[in-house]
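Taking the numbering used here as reference, the numbering of the sequence shown is continuous, increasing by one, and the terminal residue is 237.
C-beta atoms are modelled at their ideal positions from N, C-alpha and C, and glycine is treated no differently.
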Amino acid sequence: MKLLIVEDNVELNGILQQAFKKEGFAVDCVLGSEDAQAAVSTASYDCIILDLGLPDGDGLDVLKFARQHKKHVPVLILTARDGIDERVKGLDLGADDYCLKPFEIKEIMARIRALLRRPGGALGAQLSLGNIEFDTIQREAHIDGSLIRLSKRELDVLEELMRRSNRVVSKAALEESLYGFDDEIGSNSIEVHISRLRKKLSTSPATVAVHTIRGVGYILSENETG
12 MKLLIVEDNV
22 ELNGILQQAF
32 KKEGFAVDCV
42 LGSEDAQAAV
52 STASYDCIIL
62 DLGLPDGDGL
72 DVLKFARQHK
82 KHVPVLILTA
92 RDGIDERVKG
102 LDLGADDYCL
112 KPFEIKEIMA
122 RIRALLRRPG
132 GALGAQLSLG
142 NIEFDTIQRE
152 AHIDGSLIRL
162 SKRELDVLEE
172 LMRRSNRVVS
182 KAALEESLYG
192 FDDEIGSNSI
202 EVHISRLRKK
212 LSTSPATVAV
222 HTIRGVGYIL
232 SENETG
């Protein structure tokens, strides 16, 4: 799952980024309205955390832009503006939730998880293919009911492939889903994660496998029988 954090306070921006990365999210962070709109227009996000008091514009303009370009992405407004009129305006423009500063990180985390559990959200779904079940809340994968030990990145790759099972997923799409634009990505990072995941699946009782479509991407599908 990938978040966009739009917050001009550098320290707070960094605190939010680290907190969500520890929870397994890929995170992009920007400090202003112009960069936020550029990010929304070029990348796909599962949720946006949006400050209103930005140095180069109003966060509500970012909200309008997001609703025009990514109509269904959940948006949590995070601001010091505590007037009821401000809150009503933000909600009327399409914000999904509203949290006032100061706040506790654990509250923001809980609110984001609640938004992602809504129907159509990225969190809360029990993904399944063959005899593999993936719990997106606990971030665990089970084969025939038994836990399979995977690293964080292997879980990330498996989740993305399961969400698009039986469809080819390009390397670029995996990189966009798994990493923020400030993360350092090795030229063969995806290949390494795919190789390790494939090996663990092949040495388990899994009835699915990761296949490479050379020059195109990767596909997770059930093994052929008979």
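With contact defined as three or more Cβ pairs closer than 8 angstroms, the region 114-125 and the region 92-102 are not in contact. The three-state secondary structure of residue 104, taken from DSSP, is coil. When 51, 34, 33 are compared, the shortest CA-CA separation from residue 192 is found for 51. Apart from sequence neighbours up to five positions away, the residues of its chain that approach residue 224 with a beta-carbon distance below 8 angstroms are 179, 230, ordered along the chain. Residue 147 and residue 219 have their alpha carbons spaced roughly 18 angstroms apart. Looking only at 187, 120, 212, the smallest Cα-Cα distance to residue 153 is reached by 212. With a minimum length of 4 residues, the unbroken runs of alpha helix (DSSP H) contained wholly in the region 16-62 fall at 21-33, 44-53. Its Cα nearest to that of residue 88, the residue 15 stands out among 30, 15, 168. Between residue 165 and residue 182, the C-beta gap is not smaller than 9 angstroms, which leaves the two residues out of contact. Secondary structure at residue 151: strand, using DSSP grouped into helix, strand and coil. Taking every protein chain shown into account, the CB of residue 82 has fewer than 16 other CB atoms within 10 angstroms, so this residue is exposed.
Out of 200, 199, 222, the CA that lies nearest to the CA of residue 210 is found in 222. Distance check between residue 84 and each of 64, 54, 111 places 54 closest, using alpha-carbon atoms only.
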